[in-house]
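Residue 595 in my numbering sits at position 85 of the sequence shown, and the numbers go up by one each step.
Report on the following structure.
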Amino acid sequence: MSLKYLNARGLLLIVCCLMGVVLCSCGQRGATSSATGTAQSLPTPEIYKSPSELQSQHDAEIEQNITLRKLMRGDPKRRWIALTFDDGPHPDYTPRIVEILKRYKVHATFFVVGKMAEKHPELIQLLHESGEEIGNHTYDHVNLTKLDSEAIAEELKKCGAVIQR
């Protein structure tokens with residue numbers, strides 16, 4: 511998958527336009543879902559690491575036969591960022607976000623949850639037609655650290671099948 515980038519100066523415009531739009535970042539919220547009435551776990555705090563800490567983590571993952579792609583350092587002369595949205599598509603927010611991105615001639619990557627994509631195939635079509643990247647965020651939005659490799663593969667495969675339809 512290729513990532514589409516947004517000039518950092520243009521990000522301020524997008525952020526200002528998105529004020530008031532509540533989206534779940536990849537850590538789960540510590541609230542009760544109004545749709546299901548189920549409690550969700552508390553958010554996981556972000557941890558910022560130095561390049562040497564990231565390299566140590568990478569080396570430890572390699573020793574455990576875990577291969578995850580990471581961007582540890584980009585071109586310091588290129589002031590670009592990747593704009594991503596997780597946990598959708600959402601019928602209220604996704605069309606609004608796509609419209610804002612279109613207005614500012616910006617693209618993003620949308621990491622979709624399979625069960626949400628299955629409920630809203632028209633939003634997957636909208637993302638595709640708008641030229642946005644669509645990424646796999648598992649079918650059920652489960653905590654992958656609690657699953658064995660077969661269950662992880664099934665989550666990704668199931669979501670991938672929904673995205674491909």
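Yeah, the Cβ is synthetic: ideal placement off N, Cα and C, and Gly gets one too.
For Asn646, DSSP records a beta bridge to Val622. Per DSSP, reduced to three states, the secondary structure at Ile576 is coil, with no helix or strand assignment. No residue range can be given for Thr655, since it is assigned to no beta strand (DSSP E) and is classified by DSSP as neither H nor E. Assignment of beta strand (DSSP E) within the stretch 579-613, counting only whole runs of 3 or more residues, yields 590-592 and 594-598 in chain order.
In the structure shown, Ser560 adopts coil according to DSSP, grouped into three states.
Between the alpha carbons of Asp650 and Arg588 lies a distance of about 36 Å. In the DSSP annotation of this structure, the continuous segment of the alpha helix (DSSP H) that includes His638 starts and ends at Pro631 to Glu639. If you compare the alpha carbons of Ala618, Thr655 and Ile634 with that of Cys669, the shortest gap goes to Ile634.
The beta carbon of Gln674 sits closer than 7 Å to no other beta carbon from its chain once the five residues preceding and following it are set aside.
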